[in-house]
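For reference, the structure discussed in these notes is given below.
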Amino acid sequence: MLSFANFAALVSGNPLPFVLMYSLGNLLALCSSMFLVGPARQWRQMTDKSRRYTSLVYVVCLVTTFVFVFVPGIDWGARLIVLLVCVICQFLAAVWYTLSYIPYGRATVLRYSKQCCCMEDV
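Residue 235 is where the sequence shown starts when you use my numbering, and the numbers rise one by one after that.
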């Protein structure tokens, strides 16, 4: 939530404060759940068949975000686009990962998404 205090900087073209706070918050959330259940159980849950790809996308986007924030010499426009894509993918992966713990969570979201997009047969 603290990252959204820097949302105005993101919109004005300076993504560093927002992206850094958002990614550090995600990293802190990941470490705090690891603290609660232990690293071995956290790893087993993240690499479970139903969560494997979501976890991979989440961690890759988290690492990519830090790389693009701190590596110099990258064009500013390209950096901004990649950082925004990584932040959006982090958010979506975190939501999808969380839905995997709710019984029928993913199936319900998929069903309602299909209905909203008129993709489901009537």
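We put the beta carbon where it would ideally sit given N, CA and C, even for glycine. Source: prediction; values computed, not measured.
N- and C-terminal bounds of the alpha helix (DSSP H) containing residue i
i       : result
Val-321 : 310-333
Cys-295 : 286-304
Thr-342 : 339-350
Residue burial classification, residue i (beta-carbon count within 10 angstroms, cutoff 16)
i       : result
Met-349 : Strictly speaking, residue 349 in this sequence is Gln, with Met absent from that position. Per the 10 Å Cβ criterion, exposed.
Tyr-331 : buried
Ser-266 : exposed
Leu-296 : buried
Candidates the options, of which the one nearest residue i by Cα
i       : options                            : result
Tyr-292 : Pro-306, Ala-274, Ser-257          : Ser-257
Tyr-184 : Leu-244, Ser-284, Arg-278, Ser-246 : Past the boundaries of the shown model lies residue 184; the chain is included only from 235 to 356, so the question cannot be answered.
Leu-317 : Ala-263, Arg-340, Pro-249, Cys-351 : Pro-249
Length of the line joining the Cα atoms of residue i and residue j
i       : j       : result
Val-245 : Val-329 : 23 Å
Met-268 : Gly-259 : 14 Å
Met-280 : Trp-310 : 33 Å
Phe-231 : Val-253 : With the chain covering 235 to 356 only, the question about residue 231 has no answer from this structure.
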